[in-house]
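Protein chains in written order, with the numbering used here: chain D, 1 to 162; chain L, 1001 to 1471. Notes follow the structure.
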Amino acid sequence: MSTKSNRVLYLLTFLLVLIVLCSCTANVSNTDDNGLKPHLSVDLQVPPNIETNEATTLTISVQKENQPFEQANEAQFIIWTEENPEDKIAIPAIQHSPGVYKAQYIFSSEGLYIIQSHVIASDMEVFPSKRIAIGMDAIKHLAHLEQQDDNKPEAPTGHSHH
Amino acid sequence: MSVVPTERLKNSSRIKKTQRNANVRQAIYQSMWRWHFYAGIIFAPFLIILAFSGAVYLFKPQIEGYLYKDMLTVREVGTTPLLPSEIIGKMMDRYPDATISSITLSDLPNASDVMSVNLNGTMTTMYVNPYTGDVLGVLNSNETFSAFFKKMHSELVIGGTWANRLVELAACWGIILLLTGLFLWFPRNKASIWGTILPRLSKPGSRIFWRDLHAIPAFWLSLLITLLIATGLPWSGVFGGQIDKLANSTNTNTPPYAYSFGEKPNSVTVAKDIAEDLPWAVESLPVPSSASSGYLPLNIDHVVHIANNQNVLLPYTITTPQGETGVFTLSTSHVKPGNNATLHIDQYSGAVLTDVRYSDYGIMAKAISLGIAFHEGKLFGLANQIIGLIACLGLIVIAVSSYIMWKKRKPKAKLGAPTQPQNKKVTFAIFLMMLICGAIMPLVGLSILVVLILDVLIIRRIKPLRHWFSL
């Protein structure tokens, strides 16, 4: 009788200690080997040699933990010109193969554009962007901007607006 | 017949035993006093500096609120604050060479936004009206009122690692002073309320007056001062490192990347190399019809968007990425622990790479955060500040009264240290106890060894010194 109740007592104490210990330790359950939590990684692809007035395919492939990410609720490309950031065009993207979202766009004139891909899932989202220069002047402008950025690597804030 | 001598023998041995016990007790007392005396004489000045600077720093919110009122608050509260990118843009228009390293957004409508800005090589704190973007004031970050007292409190104004170690040493010896002091305070004969828990102040200036002014506040404040030293030690270089190790080995520390000032992950989105991307720029190749750049860093407003989506509550600080592989860091700056959040965000894609909240902390990290908030007087408002102030003022009274006590007792040609007890065993036992303390607090151990070497090599070999130290 007493050994039985003792055993129950031991078990309860053991459980209690276990619960306390579990709630005491740092919570790292949801992170990978590098200590990062599950996140989306992106590859935004812009084709080379874009011509104006021809359909251009913009592609973003999204992965989560090295697996294609198919669960995006929404995927779109947002395009605006360097000179006129207020004037944005959004084009919905369609999933062509697992984790690869594509859209087509026709650039009507030469110039320096910014394209941003926006992928939204239930609890995560990404919005990587790149500049695209079409035409000689824009390419020169881009080269100039890239050099500036290279000289001043730690001023990434809001400069696309100025 | 045989009864009487045995009784007598027993009696006499009992008397001898009591006598010996009393001698041992006296020797222990003497030895404790000696340790207390030397530790006190060396570290009291440092403890006074710590108490004074701590007392001032405790009231940083009130004092800075008064000193920098026009910078910290906005006179006319607008309807909608500007976006951070607009605020930064306006600042950059005014200071084209500036590099911003962080911006802190407040949760109060009349508080200004605070930016950390590198202006021509000088780190400055810039206060900005969130509604107009006007710069309300610029301070050199190292020369603010609180920066001065903070430096005094952690590096004795002179600064550097050595000064910081000295502060840690004084704090650790503070604990030993409290322990030995409590032993000396503990009533040896009949306990009386006066002189034990209430001071005898009827004869101002007498030795009893100063003794009670020393020992009684020390007794009352001993727990509080111990708590303040203990909550300050996690900051310290050596002992703090040990605490960190202990927390890590028991898995009760914070998860990795828990702080904005600690180690950061790298952005996972790979920035393209420009030379690779624009080969025609360096070589004379035909220029293509189009070109694209590498990934662009996020606009800072996106980080605010992420903060909203991830339930990070204002006030928080956004730290901009350092270099091409850096990350945006979003960290809360609440006064009280509990809502702490630190997120590291890929600077190109906006992916949240790490997200550590207070609830993810292990128990030691939680305890340390609470302790630090208590130490800084932030855990429960004004009452917390006043408790801290009482401890600081008390510590100053304790240190000053001890100095006067010593002055009153000190002979002219000698230091006036309590003499070493004759009982070698007791001396050695107490020394061992101190070494154990030294093993727990490495700097204490190191300082004991240094003094021991000085003692053996120099002081004991020079007669006047020996006399002065009453060895």
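C-beta atoms are modelled at their ideal positions from N, C-alpha and C, and glycine is treated no differently.
Between the C-alpha atoms of residue 1321(L) and residue 1101(L) there is a straight-line separation of about 8 Å. Around residue 35(D), the beta-carbon contacts reaching into chain L at under 8 Å are 1255, 1256, 1257, 1265, 1354. The beta-carbon of residue 146(D) is placed less than 9 Å from the nearest beta-carbon of chain L. The C-alpha of residue 1185(L) is placed about 14 Å away from the C-alpha of residue 1223(L).
The stretch 104-117 of chain D makes no contact with the stretch 1261-1268 of chain L: fewer than 3 CB pairs, one atom from each, lie closer than 8 Å.
Rounded to the nearest whole angstrom, the C-alpha separation of residue 1218(L) and residue 1175(L) is 12 Å.
For residue 1357(L), the number of other beta carbons within 10 angstroms of its own is at least 16, and it is reported as buried. The continuous stretches of alpha helix (DSSP H) do not include residue 124(D), and DSSP gives it neither H nor E. Interface with chain D (9 Å Cβ-Cβ cutoff): residue 1244(L) is excluded. Within the stretch 78-105 of chain D, contact with chain L at the beta-carbon level (separation under 9 Å) is assigned to no residue. Under the 8 Å Cβ criterion, the stretch 1240-1258 of chain L counts as touching the stretch 1358-1374 of chain L, having at least three qualifying pairs. In chain order, 1291, 1293 make up the part of chain L whose C-beta sits under 7 Å from the C-beta of residue 142(D). In the DSSP annotation of this structure, the continuous segment of the alpha helix (DSSP H) that includes residue 1388(L) starts and ends at 1381-1409. Assigned with DSSP and collapsed to three states, residue 1212(L) falls in helix.
Within chain D, the residues 24 have their CB atoms less than 7 Å from the CB of residue 1363(L), given in chain order. When Cβ-Cβ separations below 9 Å define contact, residue 1212(L) makes no contact with chain D. Residue 79(D) carries a strand assignment under DSSP once its states are collapsed to helix, strand and coil.
In the three-state reduction of the DSSP assignment, residue 1127(L) falls in the strand class, which pools E and B. Residues of the stretch 1323-1354 of chain L with a C-beta atom less than 7 Å from some C-beta of chain D are 1323, 1324, 1347, 1348, 1349, 1350, 1351, 1352, 1353, 1354, listed in chain order.
With respect to residue 130(D), residue 1293(L) sits close: the two C-beta atoms are nearer than 9 Å. Residue 1302(L) has its alpha-carbon roughly 21 Å from the corresponding atom of residue 93(D). For the beta strand (DSSP E) assignment, the uninterrupted runs of no fewer than 3 residues enclosed by the stretch 1115-1193 of chain L are, from N- to C-terminal side, 1122-1128, 1135-1140. In the assembly as shown, residue 118(D) is a buried residue. Its beta-carbon has 16 or more other beta-carbons within 10 Å. For residue 1397(L) and residue 1213(L), the gap between their C-alpha atoms comes out near 7 Å. In the structure shown, residue 1012(L) adopts helical secondary structure according to DSSP, grouped into three states.
The C-beta distance from residue 101(D) to residue 62(D) rounds to 7 Å, short enough to fall under 8 Å.
At least one CB atom of chain D sits nearer than 9 Å to the CB of residue 1269(L). The beta strand (DSSP E) runs lying completely inside the stretch 31-93 of chain D and spanning 3 residues or more are 40-45, 55-64, 74-81, 89-92, given in chain order. Any Cβ of chain D closer than 9 Å to the Cβ of residue 1036(L) would place that residue at the interface, and such an atom is absent. Annotation for residue 1360(L): no alpha helix (DSSP H) segment contains it, and DSSP assigns it neither H nor E. Positions of the alpha helix (DSSP H) runs, each at least 4 residues long and wholly inside the stretch 1299-1336 of chain L, are given as 1300-1309 in order along the chain.
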